[in-house]
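Enquirer: After the structure tokens below, expect a handful of questions from me.
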Amino acid sequence: MVLLVIAKLGVVAGVAFATKQLGVWESSEHSAVLLENARESLRPYAQDLKDRICCWRCQEKCMEEFEPKPWRESFVDSWNDTIKRAFLFLNQVPTYFHHFAEDVEKAVTDLVKEKDQKIQKMNPKQTSSSTMDKTLAKSN
Numbered sequence: 013m014v015l016l017v018i019a020k021l022g023v024v025a026g027v028a029f030a031t032k033q034l035g036v037w038e039s040s041e042h043s044a045v046l047l048e049n050a051r052e053s054l055r056p057y058a059q060d061l062k063d064r065i066c067c068w069r070c071q072e073k074c075m076e077e078f079e080p081k082p083w084r085e086s087f088v089d090s091w092n093d094t095i096k097r098a099f100l101f102l103n104q105v106p107t108y109f110h111h112f113a114e115d116v117e118k119a120v121t122d123l124v125k126e127k128d129q130k131i132q133k134m135n136p137k138q139t140s141s142s143t144m145d146k147t148l149a150k151s152n
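Written as structure tokens, this is what we have:
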């Protein structure tokens with residue numbers, strides 16, 4: 013607990029120190045210049061991502077044709093994606109099992125209650141006398 017608080021304080025102090033060194037806490041004009049520099053640095057990566065999404069969704073608007081990967085690379089990528097999905101599924105198995113156990117417990121409980129209600133409807137005198145017998149047995 014204490015280590016977690018120390019780690020959080022370290023991250024906050026590091027961010028504060030880095031923003032001070034970059035000059036983010038100076039004038040608003042200087043911050044605007046820093047923001048514009050960051051946008052210009054990220055623009056090629058953002059444009060590449062936009063082009064890939066465009067080619068995936070609307071192929072008639074593609075600016076360039078992407079070459080397909082060689083068979084070995086596509087196989088390796090598929091294998092890695094399959095392994096990742098398998099581990100994500102295995103990570104969720106306890107949650108699925110917990111929900112399944114709750115559903116089974118609820119179904120069995122509902123079934124028992126329904127059966128008890130049917131018995132009470134068929135023999136109301138017998139069930140009331142059996143409950144009286146139980147209360148008498150508890151008092152003795």
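Just so you know, we're using our numbering here: the sequence shown kicks off at 13 and counts up by one. All residues carry an ideal CB built from backbone N, CA and C; glycine is no exception.
Write down the C-beta distance between L34 and L46 rounded to the nearest angstrom, noting that I regard them as a contact closer than 8 Å.
Expert: Counting from one through the sequence shown, the residue named residue 34 turns up at place 22. Counting from one through the sequence shown, the residue named residue 46 turns up at place 34. The pair is a contact, with the Cβ atoms about 6 Å apart (cut-off 8 Å).
Enquirer: Pull up the distance between the alpha-carbon of A119 and that of F101, whole angstroms please.
Expert: Position 107 of the sequence shown, counting from 1, holds the residue named residue 119. Position 89 of the sequence shown, counting from 1, holds the residue named residue 101. Approximately 26 Å, taken between the alpha carbons.
Enquirer: Counting only runs that start and end within the region 77 to 135, where is the alpha helix (DSSP H) found for 4 or more residues in a row?
Expert: Runs found: 83 to 134.
Enquirer: Just checking: is the beta-carbon of K96 within a distance shorter than 9 Å of some beta-carbon in chain C?
Expert: The question asks about chain C, but that chain is absent: this structure has only one protein chain.
Enquirer: Taking 8 Å as the line, does the beta carbon of V105 fall inside it for any heavy atom of the ligand NAP?
Expert: The ligand NAP is not among the ligands present in this structure, which contains no ligands whatsoever.
Enquirer: How big is the Cα-Cα spacing for M134 and H110?
Expert: Indexing the sequence shown from 1 puts residue 134 at position 122. Indexing the sequence shown from 1 puts residue 110 at position 98. Between M134 and H110, the C-alpha separation is close to 36 Å.
Enquirer: Helix or strand or just coil, what does DSSP make of E38?
Expert: The count along the sequence shown starts at 1 and reaches residue 38 at position 26. Coil.
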